[in-house]
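Asks:
Numbering (my numbering), first residue to last: 56 to 294.
In structure tokens, the structure reads:
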């Protein structure tokens, strides 16, 4: 579900905003909406994401409670290794298995065909950034599992970034402000971003695709520069 799609703008967003502003538990509404958003796009891996959140929540609590520096380093290392191991499995295991099968006789390893979970790089490095901040005591540990889950799962940045540090959003997660001025500002940002995506990024994308799709022998300098410029604008206004 992309933010410029019909289903997001006319179905998901109105229902989410209604629940968010009517509900008495803002964090719960944000968490429920974010889980629903992720399930829509990648339902098969939602339990993996929830398991990682639970493991990192418990690890951060243990890291905060640890008294010796050696124990703190051990816990931090374990959290980072766990997060990176999951990321490496999904991003590189199939590639490495294929290389080994090409090198070793008899294709000893099974072919791995698992899909890459949506946003796995973003939420993995966000979990790691949180663990490092707790280790450095840059922020107090989040004791609410619901707020911590909402921080990681928050759908506006879950699948496309950016990576948000906990220190930058901690006060907003714990606040309950819902003023009309903030609603208007939010809609203003959304409309500007939507226009940039639909009117600029989507318009220049075919130019970039055409230029990059040409055989090298037929690509002129002018076309190459136009393609590079179009691709630059596409990436900039897409994100």
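The beta carbon of each residue, even a glycine, is placed where N, CA and C say it ideally should be.
Predicted model, so just to flag it, every value in this text is computed and none were measured.
Taking the alpha-carbon of residue 282 as reference, which of 93, 260, 71, 85 has the nearest alpha-carbon?
Replies: Here residue 282 refers to the residue found at position 227 when the chain shown is read from its first residue. Taking only the C-alpha atoms, the option nearest residue 282 is 260.
Asks: Leaving out five residues on either side along the sequence, give the residues of the same chain with a beta carbon under 7 Å from the beta carbon of residue 121.
Replies: The residue labelled residue 121 in the question sits at position 66 within the chain shown. Hits under 7 Å: 127, 130.
Asks: Is the beta carbon of residue 210 closer than 8 Å to that of residue 89?
Replies: As a working note, residue 89 is residue 34 in the chain shown. As a working note, residue 210 is residue 155 in the chain shown. Yes; because the gap between Cβ atoms is below 8 Å, this pair is in contact.
Asks: Measure the alpha-carbon distance for residue 176 versus residue 292 and round it to whole angstroms.
Replies: On the chain shown, residue 176 is found 121 positions in, with the first residue counted as 1. On the chain shown, residue 292 is found 237 positions in, with the first residue counted as 1. Approximately 21 Å, taken between the alpha carbons.
Asks: Measure the Cβ-Cβ separation of residue 194 and residue 222 and say whether it is below 8 Å.
Replies: Here residue 194 is taken as the residue at index 139 of the chain shown, counted from 1. Here residue 222 is taken as the residue at index 167 of the chain shown, counted from 1. Yes; because the gap between Cβ atoms is below 8 Å, this pair is in contact.
Asks: Relative to the ligand ATP, is the shortest distance from any of its heavy atoms to the C-beta of residue 91 smaller than 7 Å?
Replies: In the structure on display, the ligand ATP does not appear, and there are no ligands present to speak of.
Asks: With distances taken between CB atoms, is the gap from residue 98 to residue 214 smaller than 8 Å?
Replies: On the chain shown, position 43 is the one that residue 98 refers to. On the chain shown, position 159 is the one that residue 214 refers to. For residue 98 and residue 214, no; Cβs fall outside 8 Å.
Asks: Can you find the residues in the same chain that come closer than 6 Å, C-beta to C-beta, to residue 71, ignoring five residues on each side of it along the sequence?
Replies: As a first step, residue 71 is located in the chain shown; it is residue number 16 there, counting from the start. The residues are 88.
Asks: Mapping the DSSP letters down to three states, classify residue 204 as helix, strand or coil.
Replies: Start at 1 with the first residue of the chain shown, and residue 204 comes out as number 149. In the structure shown, residue 204 sits in a helix (DSSP, three-state: H, G or I).
Asks: For the 8 Å Cβ check, are there 3 or more pairs between the segment 147 to 164 and the segment 73 to 84?
Replies: Output reads no: the segment 73 to 84 does not touch the segment 147 to 164.
Asks: Between the segment 238 to 256 and the segment 272 to 281, do at least 3 Cβ pairs fall closer than 8 Å?
Replies: The segment 238 to 256, when compared against the segment 272 to 281, does not touch it at the 8 Å Cβ threshold.
Asks: Alpha carbon to alpha carbon, how far is residue 271 from residue 188?
Replies: Within the chain shown, numbered from 1, the residue matching residue 271 stands at position 216. Within the chain shown, numbered from 1, the residue matching residue 188 stands at position 133. Roughly 47 Å between the two C-alpha positions.
Asks: Measuring only the C-alpha atoms, how far is residue 266 from residue 111?
Replies: In the chain shown, counting from the first residue as 1, residue 266 sits at position 211. In the chain shown, counting from the first residue as 1, residue 111 sits at position 56. If I take the Cα positions, the gap works out to 44 Å.
Asks: What residues in its chain sit with their C-beta under 7 Å from that of residue 100, if we drop five residues either side in the sequence?
Replies: Stepping through the chain shown from its first residue, residue 100 is reached at position 45. Correct list, in chain order: 172.
Asks: Specify, as a first and last residue, the run of the alpha helix (DSSP H) that residue 185 falls within.
Replies: Position 130 of the chain shown, counting from 1, holds the residue named residue 185. 175 to 190 is the extent of the alpha helix (DSSP H) around residue 185.
Asks: Using C-beta distances below 7 Å, list every residue in its chain close to residue 145, excluding the 5 sequence neighbours before and after it, in chain order.
Replies: Numbered from its first residue, the chain shown carries residue 145 at position 90. Excluding positions up to five away in sequence, the list reads 169, 171, 172, 175.
Asks: Compute the Euclidean distance between the alpha carbons of residue 205 and residue 185, then round it to the nearest angstrom.
Replies: Here residue 205 refers to the residue found at position 150 of the chain shown. Here residue 185 refers to the residue found at position 130 of the chain shown. Each residue's Cα considered, the two are about 13 Å apart.
Asks: Can you find the residues in the same chain that come closer than 7 Å, C-beta to C-beta, to residue 167, ignoring five residues on each side of it along the sequence?
Replies: As a working note, residue 167 is residue 112 in the chain shown. If we look at residue 167 and ignore the five residues flanking it on each side, its Cβ neighbours are 148, 149, 152.
Asks: Leaving out five residues before and five after residue 63 in sequence, what residues of the same chain have Cβ atoms less than 8 Å from its Cβ?
Replies: Translated into positions along the chain shown, residue 63 becomes position 8. Cβ neighbours of residue 63 beyond the five flanking positions: 56, 57.
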